[in-house]
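Residues in the sequence shown are numbered from 16 upward in steps of one, following this note's numbering.
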Amino acid sequence: MSKQTYLTTQAILVIVSSVFALTSSQPSQGSIHLSLIHRDSSLSPLYNPQESPYDRVRSSFVRSKARLSFLIDRVVDGGDFQGNVQADDGEYFVKLSVGTPPFQMFASMDTASTLVLTQCLQPCISCDTNQIISTTYHNITCTSSNCALVPNNACDSSNSCTFSYRSNSLLGSDVFAFETSNAEVFSLENVIYGCEYDQESTSTQYNGILGLGYHNLSLIKQMSSITEPKFTYCLGNISDPEAEHLLVLGNGFFLEGQTTTLKVIEGKYNLVLESLSIGKRKLLIPPEIFQPSPLGGGVIIDAETTLTFLAPYAYYELVGELEKELGLVMIIWPDPPYERCYNGKLSDIRNFHGLIFHFEREVNVLLDVDSLFLQVEDGMFCLAVLPSPVGGTSILGSLFQQSYSVGYHLGEMLVSFQKIECEVLEKHIS
Numbered sequence: 016m017s018k019q020t021y022l023t024t025q026a027i028l029v030i031v032s033s034v035f036a037l038t039s040s041q042p043s044q045g046s047i048h049l050s051l052i053h054r055d056s057s058l059s060p061l062y063n064p065q066e067s068p069y070d071r072v073r074s075s076f077v078r079s080k081a082r083l084s085f086l087i088d089r090v091v092d093g094g095d096f097q098g099n100v101q102a103d104d105g106e107y108f109v110k111l112s113v114g115t116p117p118f119q120m121f122a123s124m125d126t127a128s129t130l131v132l133t134q135c136l137q138p139c140i141s142c143d144t145n146q147i148i149s150t151t152y153h154n155i156t157c158t159s160s161n162c163a164l165v166p167n168n169a170c171d172s173s174n175s176c177t178f179s180y181r182s183n184s185l186l187g188s189d190v191f192a193f194e195t196s197n198a199e200v201f202s203l204e205n206v207i208y209g210c211e212y213d214q215e216s217t218s219t220q221y222n223g224i225l226g227l228g229y230h231n232l233s234l235i236k237q238m239s240s241i242t243e244p245k246f247t248y249c250l251g252n253i254s255d256p257e258a259e260h261l262l263v264l265g266n267g268f269f270l271e272g273q274t275t276t277l278k279v280i281e282g283k284y285n286l287v288l289e290s291l292s293i294g295k296r297k298l299l300i301p302p303e304i305f306q307p308s309p310l311g312g313g314v315i316i317d318a319e320t321t322l323t324f325l326a327p328y329a330y331y332e333l334v335g336e337l338e339k340e341l342g343l344v345m346i347i348w349p350d351p352p353y354e355r356c357y358n359g360k361l362s363d364i365r366n367f368h369g370l371i372f373h374f375e376r377e378v379n380v381l382l383d384v385d386s387l388f389l390q391v392e393d394g395m396f397c398l399a400v401l402p403s404p405v406g407g408t409s410i411l412g413s414l415f416q417q418s419y420s421v422g423y424h425l426g427e428m429l430v431s432f433q434k435i436e437c438e439v440l441e442k443h444i445s
């Protein structure tokens, strides 16, 4: 987040308290339970039945590298906003509809995006005379305090708030209806969101970003008038496209597990990582390797990145210890170029006791074989951890988080980790 954007955000602390007017009953126990759909699930708008499991592994590598570039990009002004809804983005989707009559779409859950963003409901013929096909849509005026919260804001000919990050966007509000995990519909009025005109997009089903970042216009911060600023997600087995995944907006299951400090750096959620260990043996990594610096650094937690990235010094220390512990000999697999690949199957190393990440407040997160390695061919597996570029920003992706309930409490700036199967979690909070 640029200094100017940060100061603007801090100066404008109040969004009108009536941002939301509920059109259905209050959320059960102060929370809304939503199913998350993995991009490779048969329910996903991006599902490709022609892809093999190994094709998906290759694709996840490419997407993770692209996501890394987005997360560490601090050059673009207003970079704390993600724009340009693209059909090849996204790992986990929420099913929802916007407007009246309702237009159904899938939006990707994104904790690094600070705005709810959709494609506009009709092509932009002339962006100076924007037309929205929804009887409940309302423009946000360019004199509104909410307009001041978006980057590169301006006025169009009708005094409506526009902004630009990667394409032309219009700030407005409308009814959002969410399909809950028990097949009910929960509707919220006056959700402030960015309507993006992307002339090149051909997607008709995947056309939204559900921003859960730390910003007054993110969905979870807008919901503070009806529930506490908390959200929890549970990511099941990523190697199983049909595994259950869950997102809870509101109170939910938070603080049932270990809790560690949450920080916001450059608009991204960061954790304080202190050390790594294999068994009872701590790796020889100086703690400052994981600390933010003017050149980068820090440890971002992000469900939209599949793989885990570590600062180079920490990565090569880990690789050496892992290969020595497991007796692994590296081979080259150039498509795509994972850093470390090995002959065999994951079943060959099931006796490995795991890698432990030690966070502030004595929180320990254990990664087992399935969170550290990916089977990329019948007789080959690769380490699902890669070195980050110079600057050393580490990213804890969805493989790191799978089979955990991960809860964010934005009021107390804490994150909780609870090892649990998502099916069990769903029954617990129903």
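Note that CB positions come from ideal geometry on N, CA and C, so glycine has one too.
Open item on the list: Please tell me whether Thr-506 and Arg-376 are closer than 9 Å, where the distance is taken between their beta carbons.
Closed with: Residue 506 falls outside the range modelled here, since the chain spans only 16 to 445, and no answer is possible.
Open item on the list: On the criterion of 16 or more Cβ atoms from any shown chain inside 10 Å, does Gln-119 qualify as buried, or is it exposed?
Closed with: exposed
TODO: Note down, in chain order, each residue of its chain lying with its Cβ closer than 6 Å to the Cβ of Ile-316, except the 5 sequence neighbours on either side.
DONE: Tyr-284, Leu-286, Leu-411
Task: Cα-Cα separation between Ile-224 and Phe-246, rounded to whole angstroms - done: 16 Å
Task: Counted within 10 angstroms of its Cβ, other Cβ atoms place Gly-209 as buried (16 or more) or exposed - done: buried
- [ ] Using 10 angstroms around the beta-carbon of Leu-58, count the other beta-carbons present and answer buried if the total reaches 16, otherwise exposed.
- [x] exposed
Task: Status (buried if at least 16 other CB within 10 Å, exposed otherwise) for Gln-214 - done: Note that Gln-214 scores a pLDDT of 49, beneath 50, so its modelled location is shaky; the value from the coordinates is reported in the next line. Here Gln-214 is exposed. Its C-beta has fewer than 16 other C-beta atoms within 10 Å.
Task: Simplified DSSP state of Glu-438, which is helix, strand or coil - done: helix
Task: DSSP three-state assignment for Val-430, whether helix, strand or coil - done: Val-430 falls in the strand class under three-state DSSP.
Task: Environment of Val-77 [buried if 16+ CB atoms lie within 10 Å] - done: So Val-77 counts as exposed.
- [ ] Would you decide whether Arg-82 is buried or exposed? Buried here means 16 or more other CB atoms lie within 10 Å of its CB.
- [x] buried
TODO: Look at Phe-121 and Leu-132 and say whether their C-beta atoms are less than 9 Å apart.
DONE: Contact flag unset, no.
Task: Coarse secondary structure for Cys-135, derived from DSSP in three states - done: coil
Open item on the list: Closer than 8 Å is the cut-off here; do at least three beta carbon pairs connect the region 324-335 with the region 394-402?
Closed with: Of all C-beta pairs linking the region 324-335 to the region 394-402, three or more are shorter than 8 Å, placing the two stretches in contact.
Task: In chain order, each alpha helix (DSSP H) run of at least 4 residues that lies wholly inside the region 208-291 - done: 234-237
- [ ] From the DSSP output, in three-state form, read off Arg-89 for me.
- [x] Note that Arg-89 scores 48 on pLDDT, short of 50, meaning its location in the model is unreliable and no value can be drawn from it.
Task: C-alpha gap between Val-165 and Ile-280, whole angstroms - done: 18 Å
Task: 6 Å Cβ shell around Leu-310 - same chain, five flanking residues per side excluded - done: Around Leu-310: Gly-406.
TODO: Go ahead and label Asn-174 buried or exposed: buried means 16 or more other beta carbons lie within 10 angstroms of its beta carbon, across all protein chains shown.
DONE: exposed
Open item on the list: Out of Ile-253, Asn-266, Arg-355, which one is the CA nearest neighbour of His-53?
Closed with: Ile-253
- [ ] Work out the CA separation of Arg-355 and Asp-70 for me, nearest whole Å.
- [x] 18 Å
Task: Endpoints, the alpha helix (DSSP H) within which Glu-336 is located - done: 327-341
TODO: Compare the beta carbon distance of Ala-318 and Tyr-107 with 9 Å and say whether it is the shorter of the two.
DONE: Yes.
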